[in-house]
Structures are given as C-alpha cells and as structure tokens.
Amino acid sequence: MNTENLIAVLAADAVPVGRHIVERRMFSALSIAACGALVLLLLSYGVRADLAWLVSTPVFWAKVAFALAMAGAALVATVRLSRPGVAVGRAWAGLAAPAAIVVIVALTVLWFAPHDARAALVMGHTWRTCSLNIAALSVPGLVAILAVVRSLAPTRLRLSGAAAGLLAGAIGTAAYCLRCPETSVPFWATWYLLGIAIPTLAGALLGNKVLRW
C-alpha cells in the first residue's frame, strides 16, 4: 500500500471535530469540580452556622476573590497546556499575581502586628486541618480535570498535570471558604496556598502517567 492509499484509508472514517469541544469538556470538568467540592464539604464538614453574616464581611469576599482569581488563571494555563504547541503566555503572570498580592498583604499585616501576636495570626485555630481539607475538596476536580486534559492531547505532561491540580485546588479553596473560620490574612495566605500546592504537586506527579495518549 502506497502512502496516498494509506492516507485515504486513515481519513475514510474521519469526522469533523465539533466546535467549542474544548470549552464544553472543560465546562463539564469544572462543574464536576465545583459540585464535588460542595458535596464533600456538606457531607464532611458542613458550612459555617453564621454563613449569612459571613457573606456580608469583606474578608470572606477577599478570600473568595483570591481563590477565583487563581482558578481563572489556572484555567487559562490548563487549557493552553492541553493543546500541543500553544504557549501559556500571560497566564503565568495571572497565576503569580494573586498569590504575590496575598503574600505581600500578609507580610504587611505581620510587620505592623505586635510581636507576640504574629504566631497567632499565622496559625489561627485550624492550621493543622485547613490545607488538608482544601486538598480533600480538590479530589473530584483533580480527577475530572485530568481526564479532560488527557482527552485534549497535552505534550508537556508534568506541567499540564500541575496546572490541572492547581485549578482543582483553587476550586476546592473557594468551596472551603464557606467553612473556614479564619479571618487573618497571614493565615490564609499561608495555609490556603499550601492547600492549593498539594493538588498541584499531585497533578504534576500523576501527569507523566495519566496524561499519556
């Protein structure tokens, strides 16, 4: 069989790829991530009893804005890394910016706080469980997002897995805001970022195996 015949045979069953297929698949993964995180939150931890008051506070919306900003930039990076030959570009800056802003604000708060109050500002009351809770809430999203990324033929497997994990971690963080009792910026600048880092690392470690196609 010559080359022309081989190409004809391979192309015989080809069908056009649907428009916006990437967007549809990623939307499905994000829906699973958000719903899965909320279901796990309700089943395992529950929301704060004073949620009605909580949503009226600026700190709550600052935490949610941080998580959503990380999720938005991670989404752009994940989609671009999922497609061969597409540069991530400014998405890296979009990821770095909210994290840098939170860290700068946290350091400023600690700088002006009394010396004997700094440890309490960082540790809060739930430092032992906060990051682990966020990581747990990220599991449904990590599974769903990795499955979609694999279907889109990524070539930078570890980096794609890390971006998927970061996206899942940011969504898990947004859900955890409905439970977290901490209001100190140094606390969530430390433990929220660590909570996001756990699924990011997991995604990077899994990427080289589960994203092969």
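Just add 332 to wherever you are in the sequence shown, counting from 1, and you've got the working numbering.
Where is the CB? At the ideal position from N, CA and C, for every residue including glycine.
The structure displayed is predicted, hence computed values, not measured ones.
{"Check": "A379 to L510, Cα distance in whole Å?", "Outcome": "Checking the sequence shown, residue 379 turns out to be Val, not Ala. About 5 Å."}
{"Check": "For A346, which residues of its own chain have a beta-carbon under 8 Å away from its beta-carbon, when the five flanking residues on both sides are left out?", "Outcome": "Because A346 carries a pLDDT of 48, less than 50, the predicted location of this residue cannot be relied on, and the following value inherits that uncertainty. Correct list: empty, nothing qualifies."}
{"Check": "Our contact map puts P518 next to V408 with C-beta atoms below 8 Å; I'd like the distance itself, whole angstroms only.", "Outcome": "Not quite, the Cβ-Cβ distance comes to about 28 Å (not below 8 Å), so this is no contact."}
{"Check": "Would you mind listing the beta strand (DSSP E) stretches within the segment 355-442 that are 3+ residues and don't spill past its ends, in chain order?", "Outcome": "none"}
{"Check": "I'd like the span of the alpha helix (DSSP H) that includes R450, first residue to last.", "Outcome": "R450 to M455"}
{"Check": "Tell me the residue span of the alpha helix (DSSP H) that contains R462.", "Outcome": "Sequence check: residue 462 is Cys here, not Arg. Residues C462 to L469."}
{"Check": "Which class does L499 belong to by DSSP, given the choice of helix, strand or coil?", "Outcome": "helix"}
{"Check": "Between the alpha carbons of L474 and W459, how many angstroms are there, rounded?", "Outcome": "23 Å"}
{"Check": "For L469 versus A369, is the C-beta spacing smaller than 8 Å?", "Outcome": "yes"}
{"Check": "Assuming contact is defined by CB atoms lying nearer than 8 Å, are A403 and A506 in contact in what I supplied?", "Outcome": "yes"}
{"Check": "Between W424 and A500, what straight-line distance do the alpha-carbon atoms span, to the nearest angstrom?", "Outcome": "16 Å"}
{"Check": "In the DSSP assignment, find the alpha helix (DSSP H) that holds W546 and state where it starts and stops.", "Outcome": "For the chain, the structure presents residues 333 to 545; residue 546 sits outside this window and is missing."}
{"Check": "In three-state DSSP terms, what is P513?", "Outcome": "coil"}
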